[in-house]
Amino acid sequence: MSAIGYLKVRAFTSFAHLPLSDVAITVTASDGTAIAMRLTDRSGQIPPIAFPVPDKSESQSPDPGEQPFIQVNLHARLRGYEQIEAQNIQIFANTVTDQDLEMIPLSELPGNWNQTVVYNTPPQNL
4 MSAIGYLKVR AFTSFAHLPL SDVAITVTAS DGTAIAMRLT DRSGQIPPIA
54 FPVPDKSESQ SPDPGEQPFI QVNLHARLRG YEQIEAQNIQ IFANTVTDQD
104 LEMIPLSELP GNWNQTVVYN TPPQNL
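Quick note, the sequence shown lines up with residues 4 to 129 if you use this note's numbering.
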């Protein structure tokens, strides 16, 4: 892994798209190991997180065993909002991956106070 890829996160309230500050963001490897922890700022964003990723040149052949990206998982939590888990986010070399988090206030879902919304990104067909 000789290249760098980036993950950028933006958290906002559902429908209104108002930014949410102080959302706890945890990024983990596929084995569950914590890689990064951040809090969103007033604009609902975190600074891009850099990850070592495979160089593009390492994936130019049609070898199905090679992936030109890494996969990470993301957990987002803010008191009073439904929790979000995004699985298998793909980070590519020299690219910023944007992850939007539409967080739903629990007041809109009173029966779901302890549930987590899970989004799973399928692998790219490369």
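For glycine and all other residues, C-beta sits at the position ideal for the given N, C-alpha and C.
Do Gln74 and Gln48 have their C-beta atoms within less than 8 Å of each other? Counting from 1 along the sequence shown, the entry for residue 74 is found at position 71. Counting from 1 along the sequence shown, the entry for residue 48 is found at position 45. Taking 8 Å as the Cβ cut-off, Gln74 and Gln48 do not qualify as a contacting pair.
Beta carbon of Pro50, beta carbon of Leu10: below 8 Å? Here residue 50 refers to the residue found at position 47 of the sequence shown. Here residue 10 refers to the residue found at position 7 of the sequence shown. Their beta carbons are not under 8 Å apart, which means Pro50 does not touch Leu10 by this criterion.
Inter-residue spacing [alpha-carbon to alpha-carbon] between Thr100 and Gly8: Start at 1 with the first residue of the sequence shown, and residue 100 comes out as number 97. Start at 1 with the first residue of the sequence shown, and residue 8 comes out as number 5. In a straight line, the C-alpha of Thr100 is about 8 Å away from that of Gly8.
Alpha-carbon to alpha-carbon, Gly83 and Phe95: Reading the sequence shown from its first residue, position 92 is the one you call residue 95. Reading the sequence shown from its first residue, position 80 is the one you call residue 83. Cα to Cα, Phe95 sits roughly 33 Å from Gly83.
Run of the beta strand (DSSP E) containing Pro50, from where it starts to where it stops: Taking the sequence shown and counting its residues from 1, one reaches residue 50 at position 47. That residue, Pro50, is in no beta strand (DSSP E); it is neither H nor E in DSSP.
By the 10 Å Cβ neighbour count, where 16 or more other Cβ atoms means buried, how is Phe15 classified, buried or exposed? Numbered from its first residue, the sequence shown carries residue 15 at position 12. Phe15 comes out buried.
Check Glu69 in the structure and name its three-state DSSP category. Numbered from its first residue, the sequence shown carries residue 69 at position 66. Coil at Glu69, not helix or strand.
Selection from Asp44, Val30, Leu81 and Pro22 that minimises the alpha carbon distance to Phe54: Working through the sequence shown from its first residue, we reach residue 54 at position 51. Answer by Cα proximity: Val30.
The beta strand (DSSP E) with Asn91 in it runs from where to where? Reading the sequence shown from its first residue, position 88 is the one you call residue 91. Residues Gln86 to Phe95.
Rounded Cβ spacing between Ile28 and Ala79 (contact assumed at less than 8 Å): Here residue 28 is taken as the residue at index 25 of the sequence shown, counted from 1. Here residue 79 is taken as the residue at index 76 of the sequence shown, counted from 1. Ile28 to Ala79, Cβ: 6 Å. Contact.
Using a threshold of 8 Å, state whether the C-beta atoms of Gln102 and Val26 are closer than that. To locate residue 102, count along the sequence shown from 1; it is residue 99. To locate residue 26, count along the sequence shown from 1; it is residue 23. No.
Is Leu81 helix, strand or coil by DSSP? If you number the sequence shown from 1, residue 81 lands on position 78. Here Leu81 sits in coil by DSSP.
Which residues does DSSP pair with Phe15 in a beta bridge? Taking the first residue of the sequence shown as 1, we reach residue 15 at position 12. Answer by DSSP bridge pairing, in chain order: Pro22 and Glu105.
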